[in-house]
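**Q** Structure provided below as structure tokens; questions to follow.
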Amino acid sequence: MIAQQTAGNSRAPLLAYDGDCSMCIRSIRSLEMLGLLEGIETQPAALVAGDDRELLDSYRRSGEIVLLDAQRQNVLTGAAAFRWLLQRRLPRLLGALLDIAPLFGLMCIGYRFIAAWRRLISPPQTPPDPTFPEPEWVARYRVGGSVVLLALALWLLSSVVGFPSPDPDDSTGLAISGGLLLLVSSALIPMLARTGRKVDTLATLVGAIFVSTILMAILLLTRKIIFPEEFAQLRPTLETSLAMMCGSLLLIRSQHWLDGSAEQSKSSEIRRPLSAASKRGRISVLIFIQIACQVWITFLFGLL
Numbered sequence: 002m003i004a005q006q007t008a009g010n011s012r013a014p015l016l017a018y019d020g021d022c023s024m025c026i027r028s029i030r031s032l033e034m035l036g037l038l039e040g041i042e043t044q045p046a047a048l049v050a051g052d053d054r055e056l057l058d059s060y061r062r063s064g065e066i067v068l069l070d071a072q073r074q075n076v077l078t079g080a081a082a083f084r085w086l087l088q089r090r091l092p093r094l095l096g097a098l099l100d101i102a103p104l105f106g107l108m109c110i111g112y113r114f115i116a117a118w119r120r121l122i123s124p125p126q127t128p129p130d131p132t133f134p135e136p137e138w139v140a141r142y143r144v145g146g147s148v149v150l151l152a153l154a155l156w157l158l159s160s161v162v163g164f165p166s167p168d169p170d171d172s173t174g175l176a177i178s179g180g181l182l183l184l185v186s187s188a189l190i191p192m193l194a195r196t197g198r199k200v201d202t203l204a205t206l207v208g209a210i211f212v213s214t215i216l217m218a219i220l221l222l223t224r225k226i227i228f229p230e231e232f233a234q235l236r237p238t239l240e241t242s243l244a245m246m247c248g249s250l251l252l253i254r255s256q257h258w259l260d261g262s263a264e265q266s267k268s269s270e271i272r273r274p275l276s277a278a279s280k281r282g283r284i285s286v287l288i289f290i291q292i293a294c295q296v297w298i299t300f301l302f303g304l305l
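For what it's worth, this note's numbering labels the leading residue of the sequence shown as 2, then goes sequentially.
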């Protein structure tokens, strides 16, 4: 536990965060508005200098905030730092609840899930800093989150249009086309991704499919409410096209972040010539995969 700052301390506790992450910046501003950062200095990690720089670099990992106490003797990162901030303002009884292992475990899972997906939710305009690689758990959370998001999107769509029940004649074609799509996508993604960015590329693609499927479910639900009698006879061409477009926009927004640093680009050009293609070229291929997956989903549910 970090001790509270006393009157004799010349420095305030320092909270360092990822200044290139727009979601992180908004979160810090929200904490300031709530009064949780009173008496605490906040600064983007890249701007920290002096003795704090060396201490910060020994703890800093991409995706985690770092809290240094006033004496610069104790350091908290990630969910532990966020818990300490909450306990400063919460009543003692409520604050003590955050020390319960199961509750803090859920807090860690929630924090890490958001930290792992923050750059996909709000893609930055610059590639990640290669000096501070992301922890290994980030890739695991992105892979696991991809599976959960796909399952959730398909479940929501099935709750609106019903569980898919294709005709026996169509089942074979859907199975073959789905297998080919999975095979081609699995082969292209490693070839398109920069060095060390396979999971990021996969998660971004899954995020685009998730957004498209969720939006399609919302649009179809709206149509079902407005036109309940004609819903079964209508072909949702407009809804499908709009949903695909929104998913493609997410991929376009992520092109700068997925491009990688200069070192990653040079390494990728040597190992995988296809990844040396322009940002627009690689994103165009990902958009094609996303649209193909979306079309397959619409046929699976009998929407087209």
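All C-beta atoms in this analysis are idealised placements derived from N, C-alpha and C, irrespective of residue type, glycine included.
From G96 to R113, what does the alpha carbon distance come to, in whole angstroms?
**A** Straight-line Cα distance between these residues: approximately 21 Å.
**Q** Is the CB of I227 under 8 Å away from at least one CB in chain D?
**A** Annotation note: the requested chain D is absent from the structure, which comprises a single protein chain.
**Q** Could you check which residue in A82, W118 and A13 has the C-alpha nearest to that of F393?
**A** There is simply no residue 393 to check, as the chain begins at 2 and stops at 305 in what is shown.
**Q** Based on Cα-Cα distance, which residue from L15, Q44 and L38 lies nearest to C22?
**A** Among L15, Q44 and L38, the Cα nearest to that of C22 belongs to Q44.
**Q** What did DSSP end up calling T205 once you bin it into helix, strand or coil?
**A** Helix.
**Q** Give every residue of the same chain whose Cβ lies closer than 8 Å to the Cβ of A263, excluding the five residues on either side of it in the sequence, and list them in chain order.
**A** Reliability of the predicted coordinates at A263 is poor, the pLDDT of 49 falling under 50, and the value obtained from them is presented with this limitation in mind. There are no such residues.
**Q** Just tell me which of V149, L175 and R84 has its CA closest to the CA of T299.
**A** It is L175 whose Cα lies nearest to the Cα of T299.
**Q** So, are the CB atoms of A293 and F211 less than 8 Å apart?
**A** No, they are not a contact pair.
**Q** Which residue spans inside the region 147-199 form an unbroken alpha helix (DSSP H) run of at least 4?
**A** Qualifying alpha helix (DSSP H) stretches, in chain order: 169-193.
**Q** Consult DSSP for Y142 and reduce its assignment to one of helix, strand or coil.
**A** Y142 falls in the helix class under three-state DSSP.
**Q** Using only the alpha-carbon positions, how far apart do A71 and D53 sit?
**A** Spanning the two alpha carbons is a distance of roughly 11 Å.
**Q** If you draw a straight line from the alpha carbon of L252 to that of L206, how long is it in whole angstroms?
**A** Using only the alpha carbons, I get a separation of about 7 Å.
**Q** Between L301 and M24, what straight-line distance do the alpha-carbon atoms span, to the nearest angstrom?
**A** Rounded to the nearest angstrom, the two C-alpha atoms are 35 Å apart.
**Q** Report yes if the CB atom of R89 is closer than 8 Å to the CB atom of L37, and no otherwise.
**A** Closer than 8 Å, so yes.
**Q** The beta strand (DSSP E) spanning V67 covers which residue range?
**A** Per DSSP, V67 belongs to the beta strand (DSSP E) from V67 to L69.
**Q** In chain order, what residues of the same chain have a beta carbon less than 8 Å from the beta carbon of N10, not counting five sequence neighbours either side?
**A** Because N10 carries a pLDDT of 45, less than 50, the predicted location of this residue cannot be relied on, and the following value inherits that uncertainty. Here the set comprises A71 and Q72.
**Q** Would you identify the three-state DSSP class for L16, choosing helix, strand or coil?
**A** Note: L16 maps to strand in three-state DSSP.
**Q** Can you list, in chain order, the residues of its chain whose CB lies under 7 Å from that of V162, leaving out five sequence neighbours each side?
**A** Closer than 7 Å at the Cβ level, and outside the excluded window around V162, lie L221, F302 and L304.
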